[in-house]
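This report refers to the structure that appears directly beneath it.
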Amino acid sequence: MNETNVIKVENVTTDRIFNISFELSLGEITAVIGPSGAGKSSLLTLLNRLTDPQKGDIFYYGKQLTTYPIIDLRRRIGMAFQSSSLFDGTVEDNLKFGPSLVGKWKKANGPLLLEKVQLPKDYLYRDVEHLSGGEQQRVALARTLANDPEIFLLDEVTSALDLQTVETIEKLLVQLAKEENKGIAMVTHNIEQAKRISDKVIFMENGTILEQGKTVDLLGTPQTEQLQKFLKE
Amino acid sequence: MAPTISNTSMLFLIVFVLIPVSLSYMYSLGLGKSITWSSLRGVIQLFLIGYILTYLFALPPLTGISIMLLVMITIATFHASKKGEGIPKVRLMIFLIILGVELMILSMWIGFGMISFTSEQVIPMSGMVIGNSMVAIGLALERMKSEFREGKGKIVAALSLGAKPQQASKIIIRKIVKAAMIPNVDGLKTVGLVQLPGMMTGLILGGVAPIDAIRYQIVISLSIFTCVSISAMLVTIALYRYFFNKNMQLIDIKSEA
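Chains as they are written, first to last, in the working numbering: chain G, 87 to 319; chain X, 385 to 641.
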């Protein structure tokens with residue numbers, strides 16, 4: 087295993103995905119693409135043990151994922167969801183949820199997190215219900231950032247955003263990967279986004295990985311008929 | 385002594401049943417049979433309970449009360465647990481919760497000198513508390529299943545942020561308890577204004593002065609309120625864990641059933 091490949095998935099099968107293998111590295115963005123129902127989100131949830139494989143192995147720093155205490159693991163491998171996952175209450179209630187569980191929340195963190203996702207500081211005390219879809223999505227991402235994970239699993243976190251905000255978030259993701267050496271796996275429907283920011287691409291269909299490799303190679307010269315067709319669509 | 389309704393008068397109740405039966409016949413509602421049957425069943429059940437209570441009231445209080453409470457709690461448990469099908473140990477938990485809540489409120493009634501430990505007082509009052517706890521538990525279970533289904537995104541997000549199942553469930557427990565308490569909160573707002581409550585009505589019909597009857601009504605209304613909130617909270621706290629597996633992953637109760 088390459089030293090930077092901190093996550094290694096080997097022949098994993100669940101009820102939704104079949105015999106998949108791939109690796110994730112720190113300092114890289116991996117885009118997971120494919121049609122709806124391909125098993126992209128299921129693939130992410132395996133990595134912070136929101137689900138477990140029926141068959142196969144997942145290694146984290148060379149050790150089975152199951153050997154790590156589950157709570158610590160989920161803090162180290164953080165996941166961000168779409169906006170509907172926000173908790174009732176204010177933006178601050180959402181941001182402090184993760185850090186408060188281990189007594190690590192500092193009030194000063196709030197404005198810094200909002201700055202990262204380009205939301206004004208006075209949003210801290212707003213009820214999340216009164217935010218737009220795009221703003222909610224950014225709060226969801228900031229909530230995951232609050233735990234300062236090493237690896238980010240992002241499930242279509244830019245899907246409801248306007249172009250300008252997408253650009254901001256993309257810059258943030260690149261910064262996290264390249265400057266802070268975080269590993270990022272992101273499910274996206276946006277091929278252009280994958281081209282812009284990802285280093286590697288995993289293409290899935292019907293629960294299996296049909297192609298994976300460097301973004302330039304994979305999206306430049308797709309090998310399978312399915313990926314060629316998907317890119318045309 | 386309360387006035388009694390004579391057998392002849394009771395026979396005229398057939399008229400009361402004939403009216404909805406005729407309406408059903410007139411509008412082809414097809415309800416004639418079920419109206420007749422449920423009325424007959426209701427009458428038989430009430431006569432039966434009348435005789436049973438007469439028998440129980442004649443027994444020493446501890447025996448009579450214990451037998452009746454056990455029967456009421458068991459029936460309430462079976463009824464409420466229907467709403468929680470698929471949740472492991474749901475019956476045992478509900479039984480223990482209703483029993484615990486009933487014993488708590490009973491000791492408060494006796495301890496504070498509100499009622500005396502006689503079958504005539506304990507059984508009817510306990511029946512109301514147990515019945516309302518049963519409804520609250522049923523509502524809490526229904527709401528719990530729907531909250532775990534609809535609020536799945538939030539719970540999974542909480543787990544992924546490092547929350548334990550108990551911490552992740554906190555975000556919906558509040559909603560569940562609130563939903564189970566709302567009927568009682570609303571009921572208390574209009575108590576005595578729209579409809580005279582059953583217990584008070586019974587006492588007044590039995591010849592008790594209204595000002596004395598309301599004292600019992602206040603005791604029972606507030607007791608029900610207490611029991612409903614505790615029952616809903618306890619059933620949620622006792623059963624949320626069955627929506628998670630040992631790896632702190634959310635499971636689908638329906639598919640597990």
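Using N, Cα and C, we set each Cβ at its ideal position, and we do this for glycine too.
According to the DSSP assignment, G:GLY164 belongs to no alpha helix (DSSP H) but to the beta strand (DSSP E) extending over 163 to 166.
DSSP, read as helix, strand or coil, puts X:LYS548 in coil.
For X:LEU453, the CB contacts under 7 angstroms within the same chain, skipping 5 residues up- and downstream, are GLU486, SER510 in chain order.
Note that the stretch 577 to 586 of chain X does not touch the stretch 529 to 541 of chain X; fewer than 3 beta-carbon pairs, one per stretch, sit closer than 8 angstroms. Approximately 5 angstroms separates the beta-carbon atoms of X:VAL619 and X:ALA524; this is inside 8 angstroms, confirming the contact. Below the 7 angstroms Cβ cutoff, chain G contributes LEU187 as neighbours of X:GLN551, in chain order.
Of all C-beta pairs linking the stretch 150 to 159 of chain G to the stretch 528 to 537 of chain X, fewer than three are shorter than 8 angstroms, placing the two stretches out of contact. Listed in chain order, the positions of the stretch 562 to 577 of chain X with a beta carbon within less than 9 angstroms of a beta carbon of chain G would be empty, since no residue qualifies. For X:ASN629, same chain residues with a beta-carbon under 8 angstroms away, outside a window of 5 residues either side, are ILE635 in chain order. Residue pairing by DSSP puts G:LEU240 in a beta bridge opposite G:ALA166, G:MET272.
If you ignore the 5 residues before and after G:PHE145, its C-beta comes within less than 6 angstroms of the C-beta of LYS94, all in its own chain and listed in chain order.
The beta carbon of X:ILE457 sits closer than 7 angstroms to the beta carbons of PHE479, ILE482, LEU483, GLU486, ILE514 from its chain, once the five residues preceding and following it are set aside; these are given in chain order. Ranked by how close their Cα comes to the Cα of G:GLY306, the residues G:LYS126, G:GLY164, G:ILE277, G:SER128 have G:ILE277 in first place. In this structure the stretch 466 to 478 of chain X does not touch the stretch 492 to 508 of chain X; the number of beta carbon pairs closer than 8 angstroms is below three. In terms of Cβ geometry, G:ALA232 and G:ASN195 form a close pair [threshold 8 angstroms]. A contact between stretches requires three or more CB pairs, one per stretch, nearer than 8 angstroms, and the stretch 545 to 562 of chain X fails this requirement with the stretch 237 to 244 of chain G. DSSP places X:THR388 in no alpha helix (DSSP H); its state is neither H nor E. DSSP places X:THR502 in the coil class of the three-state scheme, outside both helix and strand. Ranked by Cα distance from G:ILE255, the options G:ILE119, G:ASP179, G:LYS202, G:ALA124 are led by G:LYS202. Between G:VAL98 and G:GLY269, the C-beta spacing is not below 8 angstroms. The alpha-carbon of X:ILE428 is positioned some 14 angstroms away from that of X:LEU437. With a beta-carbon spacing of about 12 angstroms, G:PRO197 and G:LYS182 fall beyond the 8 angstroms limit used to define contacts. By the beta-carbon neighbour count (other beta carbons within 10 angstroms, threshold 16), X:VAL405 is buried.
If you keep only unbroken alpha helix (DSSP H) runs of at least 4 residues inside the stretch 138 to 216 of chain G, you get 156 to 162, 177 to 187, 195 to 202.
Per DSSP, G:THR99 is not a residue of any alpha helix (DSSP H); the beta strand (DSSP E) it occupies stretches across 91 to 99. The Cβ atoms of G:ARG161 and G:PRO235 lie closer than 8 angstroms to each other. Between X:LYS548 and G:GLU221, the alpha-carbon positions lie close to 27 angstroms from each other. Within the stretch 242 to 312 of chain G, the complete beta strand (DSSP E) runs of at least 3 residues fall at 269 to 273, 286 to 291, 294 to 300.
Fully contained in the stretch 416 to 496 of chain X are the following alpha helix (DSSP H) runs of length 4 or more, in chain order: 416 to 442, 445 to 465, 474 to 495. Counting only residues of its own chain and dropping the five nearest sequence neighbours on each side, G:SER127 has a CB closer than 7 angstroms to the CB of ASP241, VAL273. In the structure shown, the three-state DSSP call for X:PHE627 is helix. Between X:LEU424 and the set X:SER605, X:HIS463, X:MET394, the nearest pair of CA atoms involves X:MET394.
From the beta-carbon of G:LEU136, the residues of chain X found nearer than 8 angstroms are VAL540, LEU543, SER544, GLN633, LEU634. Within chain X, no C-beta atom comes nearer than 9 angstroms to that of G:GLY113; the closest sits roughly 22 angstroms away. A contact is defined here as three or more CB-CB pairs under 8 angstroms, and the stretch 109 to 118 of chain G meets this definition with respect to the stretch 258 to 265 of chain G. Counting only residues of its own chain and dropping the five nearest sequence neighbours on each side, X:GLU526 has a CB closer than 7 angstroms to the CB of LYS467.
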